[in-house]
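By the working numbering, the letter at position 17 of the sequence shown is numbered 118, and the numbering carries on one by one without gaps. Here a beta-carbon is modelled for each residue, glycine too, at the ideal position from N, C-alpha and C. Report on the following structure.
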Amino acid sequence: MQYSALVVAAGSGSRMGLGYNKMLYPLADGKTVLEKTVSLFQKDVRCVQIIVVCAVADRDEFAHLCGDKNIVYVIGGETRQESVYHGLREVSQDLVLIHDGARPWLPVVCIDRLLETLRDHQACLLCTSVKDTIKEVENGYVKQTYVRDKLYAAQTPQAFHTTLIRYCYDQAMKDGVSATDDAQLVEIYSDISVRVVEGSYANMKVTTQEDVVGK
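Set out below in structure tokens:
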């Protein structure tokens, strides 16, 4: 199953406190976060197009690091949602996997599971069960405790039939609706059920410098 990968890498990564885009942070193997993430899809023969959404200031350096083979560089927007919207315009395949550039340790088996799920479903996303007890807090006090067995942490890639996710993004942009992830727009703007696919705890997101210690 051929697909396009849309890699979102336009954020500033301010919580890393680096003074530059965290996509350019060098990991233990000498590769930057961006290179490591993009290489996941470059090595997959099923991925025939990679769209890297980036800031204007980073485009040339990103292209220098990753080259241009099967890669389209798109300038992002003010928010992640706007950036994905821009990237979706360039998708050439019927299937698209939308992935946070800050998740460089995605196991290939997760891509396999997503593509297999897309055979019978139009939308799916990686999730892992929540390990910790989650409490809702209001004004410094616990308001309620959630049933952990029903809680899952959403990851990326989130995978879709391209026509569906484009439609949902188009509607959201017209209505000025913001969502916390791509799948939520499918929940809002369609009657399509989003299938949960087993993710991996290894597929962590680089958010602070603690996330990359020793990696």
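Closest by C-alpha distance to residue i, when choosing among the options
{"i": "Val231", "options": "Val192, Gly112, Glu299", "result": "Glu299"}
{"i": "Val139", "options": "Ala106, Gly120, Leu252, Tyr126", "result": "Ala106"}
{"i": "Val297", "options": "Glu288, Met305, Ala303", "result": "Glu288"}
{"i": "Ile199", "options": "Tyr270, Lys132, Tyr126, Leu119", "result": "Tyr270"}
{"i": "Phe261", "options": "Glu217, Lys170, Gly131", "result": "Glu217"}
{"i": "Asp130", "options": "Trp206, His187, Arg147, Ala303", "result": "Trp206"}
{"i": "Val154", "options": "Ala203, Asn240, Tyr290", "result": "Ala203"}
{"i": "Leu226", "options": "Phe163, Ile151, Lys132, Asn304", "result": "Asn304"}
{"i": "Tyr179", "options": "Asp276, Ile151, Tyr290, Ala110", "result": "Rather than Tyr, the amino acid found at residue 179 in this sequence is Glu. Comparing Cα positions, the closest option is Ala110."}
{"i": "Ser184", "options": "Ala156, Phe163, Val197", "result": "Ala156"}
{"i": "Leu166", "options": "Phe142, Val134, Val192, Arg190", "result": "Val134"}
{"i": "Tyr290", "options": "Ile266, Thr229, Tyr104, Tyr302", "result": "Ile266"}
Between the CA atoms of residue j and residue i - distance to the nearest angstrom
{"i": "Ala273", "j": "Pro208", "result": "31 Å"}
{"i": "Ile212", "j": "Lys306", "result": "16 Å"}
{"i": "Ile195", "j": "Gln256", "result": "Note that residue 195 is Asp in the sequence shown, not Ile. Approximately 21 Å, taken between the alpha carbons."}
{"i": "Tyr174", "j": "Asp250", "result": "40 Å"}
{"i": "Asp159", "j": "Val295", "result": "33 Å"}
{"i": "Gln182", "j": "Val108", "result": "12 Å"}
{"i": "Val278", "j": "Leu286", "result": "9 Å"}
{"i": "Thr264", "j": "Gly188", "result": "14 Å"}
{"i": "Gly112", "j": "Thr281", "result": "15 Å"}
{"i": "Lys144", "j": "Gly120", "result": "31 Å"}
{"i": "Tyr268", "j": "Leu219", "result": "17 Å"}
For residue i, the three-state DSSP class (helix, strand or coil)
{"i": "Ser140", "result": "helix"}
{"i": "Asp233", "result": "coil"}
{"i": "Leu207", "result": "coil"}
{"i": "Thr264", "result": "helix"}
{"i": "Tyr214", "result": "First, the amino acid is wrong: residue 214 is Arg here, not Tyr. The answer is helix: DSSP assigns Arg214 an H, G or I state."}
{"i": "Gln223", "result": "coil"}
{"i": "Lys251", "result": "helix"}
{"i": "Arg190", "result": "coil"}
{"i": "Glu179", "result": "coil"}
{"i": "Ala82", "result": "Residue 82 lies beyond the range of the chain shown here (102 to 316); nothing can be said about it."}
{"i": "Val307", "result": "coil"}
{"i": "Gln103", "result": "coil"}
{"i": "Ile293", "result": "coil"}
{"i": "Leu166", "result": "helix"}
{"i": "Val85", "result": "Residue 85 lies beyond the residue range present for the chain, which begins at 102 and ends at 316; the question has no answer from this structure."}
{"i": "Leu196", "result": "strand"}
Neighbour-count burial assignment, residue i, 16 or more Cβ in a 10 Å radius
{"i": "Asp233", "result": "exposed"}
{"i": "Asp136", "result": "The question names Asp, but residue 136 in the sequence shown is Glu. Classification of Glu136: buried, given that the 10 Å Cβ count is 16 or more."}
{"i": "Val243", "result": "exposed"}
{"i": "Asp201", "result": "buried"}
Nearest-angstrom Cβ-Cβ length linking residue i and residue j, presumed shorter than 8 Å
{"i": "Ala284", "j": "Gln259", "result": "5 Å"}
{"i": "Asn122", "j": "Val149", "result": "No, Asn122 and Val149 are not in contact; Cβ-Cβ is about 26 Å, not under 8 Å."}
{"i": "Gln223", "j": "Ile293", "result": "5 Å"}
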